[in-house]
Structures are given as C-alpha cells and as structure tokens.
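Q:
In the working numbering, the protein residues as written are -15 to 818.
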C-alpha cells in the first residue's frame, strides 16, 4: 500500500503542476486499444471514460495532457469537448432536457398523485449535503434526499410478488441515466391496462426505480460547477465546503459510488487517493447513498435489475472485480444480457445493437454495485452503458432512451419464463415457512452462492434457472427435508408448492472423535442454520443439545491440526458421531523442495517467510515479483477423489501484492486444460489458514494450481504458501450395478504398523478378473494383487506395507480398492502408522 500511495502522490503532484483552473477538458480517443491499456491508464490516475477492447479507449484529459499523449502517440484524437457538453445541458428543462433535483422530486410526486394505485414514492435516505446542512450553511442548497418509487398494481398493499429494480446516476456526469429511469416509469404507468406486457408485469411484480442516487453530484454537473464531476460530495478534507478544480472532475472531495459497495471493495481499478475520480471511500458502504440502495435491495426478493451509466453502448453482467471470473449463473446472466442488448439499437444505427459481456472483460473494477447485488443478494445485476457521450444532446435523448426502453422491457419479462417458484408451508398448520431452497450444481459450488430462502410472510420463493431438469431440496431445521427434480421450461414458469412435515424435539448427543476413535476436545461445531451459535466439545468429545429438532442439517466442525469436516446429513437419532482426521493424505511443508509440483516462471521455495519450519512456496524467491508476470505452480499429480468423502484442502498463506490488479488465484481443473477459480488472494495479509471443501468433486480426478498475475505497474513481495494439505474421510463405494449380496471390504487392524489384513465378503465364486489395488491420494498405484479363489473364500489378504518394488511406504492414508476388470466394486481406507 505504501508503494502505491508514493507513486500516486508523485502523479498527483504532476497534475497540480499544471494550471488546471480554467483549462478546458475533453474526451480523447485512441483506436485499436486493448484492455491492458485501460488498466495502465486507470492505475496511473487517468480518468477512463470508456473502453471497447480492440476498438477504442476514451480518456478525460486537459489540453496539456492531450498534448503529452499526442507526443507519445499521434493517433490520439478528440471526441467530446467541454464546450459541446455544456451546450447539451439546456439551461431550462424543456422536454426532453435534463431534470434537476427539484424537478425529479416534483415529477415523482405528480405521478403518484396521478396514478395512486400504481405509484408509491419513498424517501430511502439522505445525501451528504442533507446531513451536512444540519451544521454547515454552505450545504443549504444541497438539501437532497434519495428517493425511490414503487410501481405495481395495488401498490399500497404488501402483496406476494417478486421485484425488479432500475437505478440512475451513480456518477454525476451521466444525467441521461436519470432520464432513462423516468422513461421506464412513465411507460409502465401510462400503459398499464392497455399494453398486455405492461399489465402482466405490474400485476405479477413490483418495479422499484431509484432515478437519482447521487443528487449532490447531479447538482454540481447541472449547475456547471464541474461538468466532469463523477463522485458524490463527501467532505473528505473536513473544511465544510466543496472542493474541486472546477474543470477536470478531480478534487479533494467526493467518493465514486460505484467503487464503494462492500463486495471485494478497494482493490481493482480503485484508489485511496481522495483527489482522483475513482476514489473508493474510506471503507465499504461508507456513503449514505450506497447504504440507501443496499438497504432497499436487501429488503425483498429482487429477481434482476439494471444500473444505468454512460457511455459505451454495452450491457455488462457480473463478475467484474478480476479477470476471467465465472459466476455460478454465468449461462443465464450471459443469455439475458444478450437478450437485453439485442433489443437496443446503437445510436443512429439501423442494424447494430449494444454488446453484451462480463464486466471484467471491459476492465476489472472492485466495489461495484453489480458485484455486490449479485454476489450478496443473488439478483441478476446488469449495467447498461448508454450512448456515445457522457451528456448527449437533449435532442438525442428521445432516441437513446426509447431504444433502451426495449432492453428494460426484455428484463421485466424474464419473470415469465425459466423460473422456479411456489410456496413452502407447514404440512400441519398451513403457515408459511422460510425454508432454504437448495439447487444442485449451484448451492454446492465451492465458490459459494447466496443462500435463497422462502419469504417468511408468504412462504414464496423465486429462482431463475436455465432450461432443463434440476434437483432442488427444501430445507428447514425442525422439518423433514424434501427433494424434487423439477423441469424448467423455456417459455413458462415452473410452480412447486411444498408442504414440510414438522419434527419434534429430542435430546441430542454428538460425539467427536479422531481416526483412532479417541475423543477430540474443544472442537467447534456450527450449524449453517444458526451460524452465531458455536458449540464446543468437552473433554470426552461430547456436545449435548437438550432440545434439538430433527431434520437435515449442514454442519462444520473444526479444530486446529485436524481436517475441517463439512457435512450435510439427516439428524433424527439421539446419538451421532463425527470423526475428524489429523492425518493428511497429502502433506507438503516445502522443507524438501518442489518434488510434488510443476511450475512456470520463478516459482520455488524460500526461507524468507515460513509458517512452520524454515521454508515455504513462493512465486518470487529472489525478492519482489517482476512486472507482467503470468505464471503458475501446479500439483504434479492430480487428486484421485474416488471412494472418499469430506475432502478438505488446507494451507497457510501470506501475501503482499500491489493494489492495482495483481493477484494470485487458487484454481481447479478436471482436464488440466480448463481452469476454474476457487479463491483469489489480493493486497496484503499476514499468515492465515485457508480451508476449502472439495466435496463437490468427490468421484473426480482433480488438478490444483496457483496462478500468479501482475501488471506492468507496481510490485510487492508476492505470495508465500506453507503446510499444503489434503485430508479425506472414508465412504464405502458400492458396486456400479446393484448386487443381491453387497460386497464388503474391511481392513484390520486399522491403523496398522507392520501388516494389514484385507477381508472380502459377499463375492460370488464365479466372479472373474478380481484385483486388489492400493493407491495414494494422488492416484498413484502403490501395490496390487490378482485374486485367486483362496483370496475370496473368506481368507484375509495380507499387505505388509511395502510397495510394488519392496520399499516400505510412508505413514499416511491409502485407498484400498477391489476391481472386477476396470469396474470398482468396493473401496476402503487404511491408515499406516509406523
């Protein structure tokens, strides 16, 4: 962080060396620009107006900076001047001009009076100007509230409906976004009862519109104090006035609201420097404007929505905080974004439409509204970058907003197709229940997915899903879990009403032991449904809950030095046992080099930092990492996750990365070609323990790697990893096809020191090609034996703990498998302790 601030201060001083006051600003363009150029200019303090990778990059600069850019590359040229944008701001609002704050508030209340059954106006918060006004007269003219309007049939009633949202003007210099919100609002109220699509939308849903999120900044631009202003007017320097250079969009005050949301706040393409247009604020949700919107969007179930910006003619969807991110709903997010974009003609075009892409593909930013809305609430969140300039001429507003209205209507119709809905109720009383709606391949992803619950007042739930069949579970502690396979249709809504059977309390005793069945004291147990309550096992490994309601529960059990146990199971008996494993199947402390790893770049071991022992794994063993690095460190052998359960990956990590775009991904792959992000490490953190459930991948062959990336700007000490471990539990694997007498594979003693005996039962004498094999967790064959009739007649098969070459194998856990040809009949686990 210190390095970043130092360089940034140098850049800021350079900016102050130019006489900014009175210097006209402009938007300049470089054709054929790449995303990397956008990262570079943003990281170095330039105001990036718009970028279309491979086509152009737009910057807001003054005359002197433009001259410098032209010296470096003569291809830069001007697309918008300050004079042009000033001319586009009509001094009086004659339709279709730009509304000021008072006109916004007046028009909202006028529509409420005109359509009392459709429109309801709400004050959802105060701007900084309104807050400061109580103590400082300077802010009297900034006495602005943040308003939202609810649009729905029977709007005054709290009905059982899902919701959509539209937001205008995160950024002050983008006033057409406010006009866009009014176009949507007016279209809905004027066409209800007339247009079938509008009528259906307002009958079935609520539409919440926040036309002016940044009213203080809006006034600064419309009053032409600084038409390049992007931020709100937070008084950063505490002098009780507003500080800008009045010409560049830069100034000591204000926060970029679209860098202030709490999801991955404060990293990519943001800054701690208050003077810059992209200043992200002193902390996540530090601004009353972002707090107001977050509170609204957390208050009910929103399906989807749009935040309007200018410019670029894009439809963007999550995620955006780092490159190459894939959201759990990426298929449906992309599909809906393409459908919206396909309805919006580009300005002055008859056959070219807006472009849809994930936000990171434009250029990564952290702290955005879309990432928080999708990542925390689960609503499908989109940004529409309207128009080709920040402030289009007032005569262009009707065409631009009319085209974007088509896209808004496409979004609003999404609730009428490819959606799962219904009511969850108590089977005895009929009362609504706030059950969790768990969908396979979404809620079991290791990256995590926002938990979705049925509405407590109505029992209603809504989930947007792709066409096809999905396994859905309805879970509520104190009730029997129900599972359904539902079919999602391309042009209709799927309704599943669920009645859950209640259970009755029992006294529950939980026993926690290790692999030797010895009690584990001081283990922490947390139920996912009650994460604030932490249970601790006593000296006998016991946790007693006097009044426990049977049902399906997800539990997490932790103790330092053991695997983390994550388990979802039906708990309906008075005694249950959980077993923690202190013996990792794979354990690398990096004291003996890099034998287990394959690398590119400079990855190696270092003695500079270590969690335990004297060495750790690092991307840069010889000091700070270099610029423009893209290298990886991969486990040489994949993990064989067949016949196991509760797979837990653990390691300690320390990282010191520059606050621009530098990062390290933990990734997994099923084919060693296509890699998926499991976690990302950014900025600075001292040593911390990380633990990841790999249970989703049981039955798979899994590759793991660390991918390190740096850009061409700042650098740091890099990433250090130590005590890399993979733990597994045990699960019996039945035959691939059912058999009359189940085959059993038992090992004793277990654990063993000198010799283990493998006992097989339930095998038919005519079964041929039987083979016993012992593997380590990486899937490497350690020992095997072709079985004869004597081996399957009840006599145990001995193993002396040696591999195929006669070498004594190390202490650890091994998988014992019984094969019939290539088919696995049974699996067990064995622990060797010398």
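We put the CB at the ideal spot given by N, CA and C, even for glycine.
Since the model is a prediction, treat every value here as computed from it, not as a measurement.
To the nearest angstrom, report how far apart residue 693 and residue 614 are at their CA atoms.
A: By one-based count along the chain shown, residue 693 stands at place 709. By one-based count along the chain shown, residue 614 stands at place 630. Their backbone Cα atoms lie some 5 Å apart in a straight line.
Q: State the DSSP-derived secondary structure class of residue 601, mapped to helix, strand or coil.
A: For the purposes of this step, residue 601 is taken as residue 617 along the chain shown, with counting starting at 1. It is a strand residue.
Q: Provide the residue(s) that pair with residue 189 in DSSP beta bridges, ordered along the chain.
A: Working through the chain shown from its first residue, we reach residue 189 at position 205. Bridge partners of residue 189: 146.
Q: Give the DSSP-derived three-state secondary structure of residue 123 in the structure shown.
A: Along the chain shown, read from residue 1 onward, the residue named residue 123 stands at position 139. Reduced to three states, the DSSP call for residue 123 is helix.
Q: Give the DSSP-derived three-state secondary structure of residue 343 in the structure shown.
A: Along the chain shown, read from residue 1 onward, the residue named residue 343 stands at position 359. If DSSP states are grouped into helix, strand and coil, residue 343 belongs with the helices.
Q: Could you check what DSSP says for residue 760 in three-state terms: helix, strand or coil?
A: Sequence index remark: in the chain shown, residue 760 carries index 776 (1-based). Residue 760: coil per DSSP, three-state reduction.
Q: Indicate the three-state DSSP secondary structure (helix, strand or coil) for residue 681 in the structure shown.
A: Taking the first residue of the chain shown as position 1, residue 681 is located at position 697. Three-state DSSP puts residue 681 in a helix.
Q: Name the residue from 58, 106, 484, 89 whose alpha carbon lies nearest to the alpha carbon of residue 413.
A: If you number the chain shown from 1, residue 413 lands on position 429. The shortest Cα separation from residue 413 among 58, 106, 484, 89 belongs to 484.
Q: What do you get for residue 403, buried or exposed, if any count of 16 or more other CB atoms within 10 angstroms of its CB means buried?
A: Position 419 of the chain shown, counted from the first residue, corresponds to residue 403. When all chains shown are included, residue 403 counts as buried.
Q: Could you pull out every residue in the same chain whose Cβ sits closer than 6 Å to the Cβ of residue 372, ignoring the five residues on either side in sequence?
A: As a first step, residue 372 is located in the chain shown; it is residue number 388 there, counting from the start. Same-chain partners within the cutoff: 295, 331.
Q: Would you mind working out which of 154, 743, 768 sits nearest residue 753, comparing C-alpha positions?
A: On the chain shown, residue 753 is found 769 positions in, with the first residue counted as 1. Measuring from the Cα of residue 753, the nearest candidate turns out to be 768.
Q: Within its chain, find whatever has a CB closer than 6 Å to the CB of residue 668; leave out the 5 residues flanking it on each side and keep chain order.
A: What you label residue 668 is simply residue 684 of the chain shown in a count that begins at 1. Here the set comprises 640.
Q: Measuring only the C-alpha atoms, how far is residue 239 from residue 271?
A: By 1-based counting over the chain shown, the position of residue 239 is 255. By 1-based counting over the chain shown, the position of residue 271 is 287. Spanning the two alpha carbons is a distance of roughly 8 Å.
Q: Based on the DSSP output, what are the partners of residue 154 in its beta bridges?
A: Numbered from 1 along the chain shown, position 170 holds the residue referred to as residue 154. According to DSSP, which records beta bridges pairwise, residue 154 is partnered with nothing at all.
Q: I believe residue 512 touches residue 547 by the beta-carbon criterion, under 8 Å. Please report the beta-carbon distance rounded to the nearest angstrom.
A: Counting from one through the chain shown, the residue named residue 512 turns up at place 528. Counting from one through the chain shown, the residue named residue 547 turns up at place 563. In fact, because the Cβ distance is near 18 Å, the residues do not count as touching under 8 Å.
Q: Between residue 205 and residue 516, what straight-line distance do the alpha-carbon atoms span, to the nearest angstrom?
A: Here residue 205 refers to the residue found at position 221 of the chain shown. Here residue 516 refers to the residue found at position 532 of the chain shown. Spanning the two alpha carbons is a distance of roughly 46 Å.
Q: Label residue 313 either buried or exposed according to how many other C-beta atoms from any shown protein chain fall within 10 Å of its C-beta, with 16 as the threshold for buried.
A: Against the chain shown, residue 313 aligns to sequence position 329. So residue 313 counts as buried.
Q: Note down, in chain order, each residue of its chain lying with its Cβ closer than 6 Å to the Cβ of residue 443, except the 5 sequence neighbours on either side.
A: The count along the chain shown starts at 1 and reaches residue 443 at position 459. So the qualifying residues of the chain are 407, 408, 409, 416, 417.
Q: Taking the C-alpha atoms as reference points, what is the distance between residue 686 and residue 785?
A: For the purposes of this step, residue 686 is taken as residue 702 along the chain shown, with counting starting at 1. For the purposes of this step, residue 785 is taken as residue 801 along the chain shown, with counting starting at 1. C-alpha separation (whole angstroms): 26 Å.
Q: Classify residue 817: buried if its beta carbon has 16 or more other beta carbons within 10 angstroms, exposed otherwise.
A: As a working mapping, residue 817 is identified with position 833 in the chain shown. Per the 10 Å Cβ criterion, exposed.
Q: Please decide whether residue 654 counts as near chain D, where near means a Cβ-Cβ distance under 8 Å.
A: Protein chain content of the structure displayed is limited to a single chain, and chain D is not contained in it.
Q: Given this structure, state the Cα-to-Cα distance separating residue 21 from residue 41, to the nearest angstrom.
A: Reading the chain shown from its first residue, position 37 is the one you call residue 21. Reading the chain shown from its first residue, position 57 is the one you call residue 41. Those two C-alpha atoms are separated by around 8 Å.
Q: Counting beta carbon pairs with one atom in the region 203 to 220 and one in the region 265 to 283, are three or more of them shorter than 8 Å?
A: At 8 Å Cβ cutoff, the stretches touch.
Q: Rounded to whole angstroms, what is the Cα-Cα separation between residue 625 and residue 800?
A: For the purposes of this step, residue 625 is taken as the residue at position 641 of the chain shown. For the purposes of this step, residue 800 is taken as the residue at position 816 of the chain shown. Those two C-alpha atoms are separated by around 13 Å.
Q: Using the three-state DSSP reduction, which class does residue 816 fall into: helix, strand or coil?
A: Along the chain shown, one-based indexing puts residue 816 at 832. If DSSP states are grouped into helix, strand and coil, residue 816 belongs with the strands.
Q: Near residue 261, what residues of its chain come up, given a Cβ to Cβ distance below 7 Å and the 5 sequence neighbours on each side ignored?
A: On the chain shown, position 277 is the one that residue 261 refers to. Closer than 7 Å at the Cβ level, and outside the excluded window around residue 261, lie 31, 214, 215, 233, 234, 240.
Q: Residue 32 lies in the beta strand (DSSP E); which residues open and close that run?
A: As a position in the chain shown, residue 32 is number 48, starting the count at 1. Unbroken beta strand (DSSP E) run through residue 32: 31 to 36.
Q: Skipping 5 residues on each side, what residues in its chain have a beta carbon closer than 6 Å to that of residue 12?
A: In the chain shown, counting from the first residue as 1, residue 12 sits at position 28. The residues are 43, 45, 50, 60, 62.
Q: By alpha-carbon positions, which one of 171, 196, 661 ends up nearest to residue 87?
A: Position 103 of the chain shown, counted from the first residue, corresponds to residue 87. For the residues 171, 196, 661, the minimum Cα distance to residue 87 belongs to 196.
Q: For residue 594, which of helix, strand or coil comes out of DSSP?
A: Within the chain shown, the letter at position 610 stands for residue 594. Residue 594: coil per DSSP, three-state reduction.
Q: Since residue 275 is in the alpha helix (DSSP H), which residue starts that stretch and which ends it?
A: Within the chain shown, numbered from 1, the residue matching residue 275 stands at position 291. It spans 272 to 281 - the alpha helix (DSSP H) in which residue 275 sits, taken as one unbroken run.
Q: Please report the distance separating the alpha-carbon of residue 77 from that of residue 245.
A: Sequence index remark: in the chain shown, residue 77 carries index 93 (1-based). Sequence index remark: in the chain shown, residue 245 carries index 261 (1-based). In this prediction, residue 77 has a pLDDT of 42, which is less than 50 and means its spatial position is unreliable; what the coordinates show is noted afterwards. Whole-angstrom Cα-Cα distance: 32 Å.
Q: Can you name, in chain order, every residue of its own chain whose Cβ lies under 8 Å from the Cβ of residue 26, other than the five neighbours on each side?
A: Here residue 26 corresponds to residue number 42 of the chain shown, with the count starting at 1. Excluding sequence neighbours, residue 26 sits near 32, 253, 262, 347.
Q: Within 10 Å of its beta-carbon, does residue 16 have 16 or more other beta-carbons around it, so buried, or fewer, so exposed?
A: Numbered from its first residue, the chain shown carries residue 16 at position 32. With fewer than 16 other Cβ atoms within 10 Å, it is exposed.
Q: Take residue 469 as the anchor and find which of 462, 478, 461, 463 has the nearest alpha-carbon.
A: The residue you call residue 469 lines up with position 485 of the chain shown. Among 462, 478, 461, 463, the Cα nearest to that of residue 469 is on 478.
Q: For residue 729, count the other beta carbons within 10 Å of its own beta carbon; 16 or more makes it buried, fewer makes it exposed. Which is it?
A: Locating residue 729 in the chain shown gives position 745, counting from the first residue. Counting Cβ neighbours within 10 Å, residue 729 comes out buried, since at least 16 surround it.
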